[in-house]
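Data first, discussion second: the structure below is written as structure tokens.
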Amino acid sequence: MELFFGVILLLVAHYVADFYCQPRDIAVEKSYSMRALIIHIVLYSTSLFIILFLGLYFMGFVSELHAIQMAIGIVVVNSLFHYIIDFFTSKINSYFWKTKQVRKFWLTIGFDQLLHTGLLVYCYAEMLENFKYI
Numbered sequence: 006m007e008l009f010f011g012v013i014l015l016l017v018a019h020y021v022a023d024f025y026c027q028p029r030d031i032a033v034e035k036s037y038s039m040r041a042l043i044i045h046i047v048l049y050s051t052s053l054f055i056i057l058f059l060g061l062y063f064m065g066f067v068s069e070l071h072a073i074q075m076a077i078g079i080v081v082v083n084s085l086f087h088y089i090i091d092f093f094t095s096k097i098n099s100y101f102w103k104t105k106q107v108r109k110f111w112l113t114i115g116f117d118q119l120l121h122t123g124l125l126v127y128c129y130a131e132m133l134e135n136f137k138y139i
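Heads up: the sequence shown runs through residues 6 to 139, numbered per the working numbering.
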């Protein structure tokens, strides 16, 4: 059950951090503005950390220290890869939107989210494996 609830926590945290905590202007501008992309990553990382830490700690699966360590580990790795993924997919999506290729636009958004989700689940599984021995 720990793995299941952890994955649900990650998915909810990612959804909130990537959608609710991203202002519309940042979502549009990150395809051509490095400043906007960095702001998005900072907002994403901060909200992801807060949600993960609180969720991991209050679910009671790990101690406060391990919750902090796991949240930091997941956030550091995901922030770096989130930047790389969004750097490319936002440019591709911007092109598809401007050229009215709506199906390709939505397929790229789906692929973007698949990459983010896969990375989050992988990081969480790695963290669980590492903390099992502590």
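Cβ atoms here follow ideal geometry from the backbone N, Cα and C, with glycine treated the same way.
- Counting only the Cα atoms, L124 lies some 13 Å from D91.
- Cβ-Cβ distances below 7 Å link E69 to Y62 in the same chain, with the five nearest sequence neighbours on each side left out; the list follows chain order.
- Nearest Cα to A22 within the set L53, N98, L85, H71: L53.
- Using a 10 angstroms sphere on the CB of L85, the tally of other CB atoms stays under 16, which defines it as exposed.
- In this structure, Y127 keeps its C-beta atom at 8 Å or more from the C-beta atom of H87.
- Judged by their CB atoms, F93 and A72 are not nearer to each other than the 8 Å cut-off.
- Measuring C-alpha to C-alpha distances from S99 to each of Y25, V47, V80, S38 identifies S38 as the nearest.
- By the criterion of a C-beta distance shorter than 6 Å, I77 is surrounded by no residue of its chain, once the five residues flanking it on both sides are discounted.
- In this structure, H45 is the residue among L14, H45, A18, H19 with its C-alpha nearest to the C-alpha of R29.
- Setting aside the 5 residues that flank it on each side, L14 is surrounded in the same chain by I56, L57, G60, L61, M64, each with a C-beta closer than 8 Å to its C-beta; the list follows chain order.
- DSSP, reduced to helix, strand and coil, places C128 within a helical segment of the structure shown.
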